[in-house]
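A.B. asks:
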Amino acid sequence: MSANSGVAAVLYEIGEILTVKEDTFRSRAYLMAAQRVTSLTEDIRDIRARGELDSIPGIGKSIAATIEEVLDTGESKALMELRESLPPGVPELMALEGVGPKLAMRLNRELGVTGIDSLEKAAKEHRIRALKGFGEKKEQNLLKAVEEYRGRSGRFLLGEVLPIIQGILTHMRGCDAIRRVEVAGSARRRKETVGDLDVLASSLEPEKVSDHFIRMPNVARVLAHGPTKSTVVLENRLQVDIRVIPPGSFGAALQYFTGSKEHNVKLRTIGVKAGFKLNEYGLFRRGDDSLVEAEDEERIYEALGMDWMPPELRENTGEIEAAMEHRLPELVELDQIRGDLHAHTDWSEGTASIEEMAEKARSMGLEYLAVCDHTKTLGIARGLDEERLLEQLKEIRRLDDEMSGFRILAGTECDILRDGKLDIADDVLQELDWVVASVHSGFKQDEEAMTRRIVEAIHNENVSTVGHPTGRLIEKRSPYTVDLDRVLDAAAEQRVCMEINCFPDRLDLSDVNSRQAKEKGVRVTLGTDAHTVSELEFLGMGVSVARRGWLGPGDVVNTLTADEVTRLRS
DNA sequence: GCCGTTTTCGGCCCGACTGTTTTCAGTCG
């Protein structure tokens, strides 16, 4: 899939430079195309080989030619020319809060500002307030923006912000003027990372709610404070926006602020064609501005001629078309998940005993837990050799007999060695209920070697699933170079599953990869990879990834009973 | 640059807040 991300990066950059040049519509076309390429579940080289690039929605002849150029030469002439046409420092300046294309260009043209350092210098020398239309406040805000930019830590993991959201909702529910409050935005869509939080509240006294909001604990700075819209930055640098709307508009506002932006643009375009106007206050008829629907999100979608869809699908990757044709997939739900198929214990690098992990899983309402400790090659994690693994197997069988109404499955997270062989002898693996095979070393192998390595492991008849199949760590480490298409084809053929690792910085397979797996007929397994008791709660995040990948209960092995899971191996 | 159950040309989503202005442009989501 790396060809896809390379193409998307070029299209994004072209789109962004065109934004600076205020070529709005051409820019939008490139950004839209980039987004489509990002969410493709097929290798773009294959689509190109069939000559079908311009049948991808949002991609026409011109962008198709750019894509072919990137695939053939690794670069785009148009992009290189665009880069050169831009005054130095302008893209960097636009990364600052409150600086858009107009301001960045003016700072460069009129003050010779060539980047963030030189902007800071100009502001400290009070050269900015001297410009026409600028004042002291603007200068100070730019300095604050520079400071924030330098301390910024990028996007936040979904797993990090979920507890923060709970805190905010609890705080807001303490305001007596509030009717309803929910989180919207990318957090409601359960994206793997979020850039900021969008909180939505309804009230008849919006000022009270807005005031209550900015008095939240942990607020470091108030960026904007109006009656219906405010923005704060928390001490951990997470930005949080609130919108307060009348109670009767809650459904419309929830739809509007959940996004994604691309989903909403498409939806409103469809609305316009059907004679409607859609905004955060409701769905209106264009002619007389009469209200069609505002209170209920589901009825807004219905009025636009489509089925309501779960927030996780709203990325404009085909869900609107599916909703109009009433063929949205049934998505897997957390309460359909019967077990966790990847957890560690204190036999290797976990902190809790087998019993403690099992008890916690049972208390969460699960029916089974697969204990999958590391194997001997992973010395740093005190990986088990054959002898210890058989010892652990006996212990698991003993504990399993003692528990009623809950099954502990004897498993392993077995290392895939550099040549694709497994770290544990086949006759021992055969004794187990569940085998997760994972790559933990040699990440730098080239694509061919890595692909053959994993495909070879898939051909071992004892392997149940491949653990964290791409090895990525979100915001920290890229996936290893591997031809996932070939891996998935092999998995489909050998009836081996692929894991969605639920650990917050892994979520691997990703949403797009999960959808790709489904399209190839590969079932996925959810594994928390928990090393502590509380990490078993990560299961919900794996379900979110599965839902964002359009997976239904039939696509996820964890909806099966323990007996059904163990029978997969026979 | 893309797209087409009003269109192959002429559209392309919509509104709040800020800072500075005397009525609005720029930015953001």
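Residue numbering for the first sequence follows my numbering, starting at -6 and increasing by one per position. By construction, the Cβ of each residue, glycine as well, lies at the ideal position given by its N, Cα and C atoms.
1. Which residues does DSSP list as the beta-bridge partners of Lys270?
2. Do you know how far the Cα of Ser48 is from the Cα of Glu492?
3. Got a sec? Which residues, its chain only, sit under 8 angstroms from Arg499 by beta carbon, not counting five neighbours each side?
4. Comparing C-alpha positions only, which one of Ser397, Glu6, Glu113, Arg261 sits nearest to Leu24?
5. Nearest to Lys95 by alpha carbon, out of Leu79, Glu15, Lys125, Ala57?
6. With DSSP as the reference, please indicate the residues paired to Lys222 in a beta bridge.
7. Excluding the 5 residues flanking Thr518 on each side, which residues of the same chain have their C-beta closer than 6 angstroms to its C-beta?
8. What does a CB cutoff of less than 7 angstroms around Pro472 pick up in its chain, not counting 5 residues either side in sequence?
9. Provide the residue(s) that pair with Arg400 in DSSP beta bridges, ordered along the chain.
10. Going by DSSP, which residues form a beta bridge with Glu175?
11. For Glu129 and Arg122, which I take to be in contact (beta-carbon distance under 8 angstroms), what is that distance rounded to the nearest angstrom?
12. Flag this pair as touching only if the region 150 to 170 and the region 285 to 304 have three or more C-beta atom pairs under 8 angstroms; answer yes or no.
13. Do Thr186 and Arg508 have their beta-carbon atoms positioned less than 8 angstroms apart in this structure?
14. Which residues in the same chain as Ser32 place their Cβ atom closer than 7 angstroms to its Cβ, once the five residues preceding and following it in sequence are excluded?
15. So is the beta-carbon of Leu284 under 7 angstroms away from any non-hydrogen atom of the ligand FMN?
16. Counting C-beta neighbours from all protein chains within 10 Å, is the total for Phe250 16 or more, i.e. buried, or is it exposed?
17. Tell me whether Val154 sits in a helix, a strand or coil according to DSSP, three-state version.
18. So within the region 517 to 542, which uninterrupted alpha helix (DSSP H) runs reach at least 4 residues, ignoring any that extend past its ends?
19. Just the Cα atoms here: how many angstroms apart are Val30 and Leu4?
20. With distances taken between CB atoms, is the gap from Leu193 to Ala245 smaller than 8 angstroms?
21. Going along the chain, which residues of its own chain have a beta-carbon closer than 7 angstroms to the beta-carbon of His319, five neighbours each way excluded?
22. Hey, would you say Val202 sits closer than 8 angstroms to Ala213, going by beta carbons?
23. With Gly565 as the anchor, note down where its alpha helix (DSSP H) starts and where it stops.
24. Can you give me the C-alpha to C-alpha distance between Leu162 and Arg355, rounded to a whole angstrom?
25. Decide yes or no for the touch test of the region 385 to 403 against the region 313 to 327: beta carbon pairs closer than 8 angstroms, at least 3 of them.
26. Work out the CA separation of Leu112 and Glu571 for me, nearest whole Å.
27. For Val70 and Val176, I'd like the C-alpha separation in whole angstroms.
28. For Asn(-3), I'd like the list of residues in its chain whose CB is within less than 8 angstroms of its CB, leaving aside the five on either flank, ordered along the chain.
29. Output the distance between the C-alpha atoms of Gly275 and Gly241, rounded to the nearest integer angstrom.
30. Mind checking which residues open and close the alpha helix (DSSP H) that includes Ile447?
31. With a threshold of 6 angstroms on Cβ separation, who are the neighbours of Leu271 within its own chain once the five nearest residues in sequence on each side are excluded?
32. Distance, Cα to Cα, Gly545 vs Glu305?
33. Apply the 10 Å Cβ neighbour rule to Ala267 and answer buried if 16 or more other Cβ atoms are within range, or exposed otherwise.
34. Tell me Cys490's beta-bridge partners as DSSP assigns them.
C.D. replies: Here's the rundown:
1. Phe277
2. Rounded to the nearest angstrom, the two C-alpha atoms are 32 angstroms apart.
3. His461, Arg465, Leu466, Ile467, Asp522
4. The alpha carbon of Leu24 has as its nearest neighbour, out of Ser397, Glu6, Glu113, Arg261, the alpha carbon of Glu6.
5. Glu15
6. Arg236, per the DSSP bridge assignment.
7. Leu334, Thr458, Cys490, Glu492, Val550
8. Thr463, Gly464, Arg465
9. Tyr361
10. Leu193
11. Beta-carbon to beta-carbon, Glu129 and Arg122 are separated by about 5 angstroms, close enough to satisfy the 8 angstroms threshold.
12. no
13. no
14. Glu308, Thr310, Val505
15. Of ligands this structure carries none, so the ligand FMN is not represented either.
16. buried
17. helix
18. Secondary structure remark: continuous alpha helix (DSSP H) runs of at least 4 residues inside the region 517 to 542, in chain order: 532 to 541.
19. 9 angstroms
20. no
21. Asp300
22. In this structure, the beta-carbon distance from Val202 to Ala213 does not fall below 8 angstroms.
23. In the structure displayed, the chain extends from -6 to 563; residue 565 sits before or after that span and is not available.
24. 28 angstroms
25. no
26. Outside the shown range of the chain (-6 to 563) lies residue 571, about which nothing can therefore be said.
27. A quick correction: the sequence has Lys, not Val, at residue 70. When rounded, the distance between both Cα atoms is 43 angstroms.
28. Val30, Thr31, Leu33, Asp36, Ile37
29. 9 angstroms
30. For Ile447, the uninterrupted alpha helix (DSSP H) segment begins and ends at 440 to 451.
31. Hits under 6 angstroms: Arg261, Gly264.
32. 13 angstroms
33. exposed
34. Under DSSP, Cys490 takes part in a beta bridge, and its partners are Thr458.
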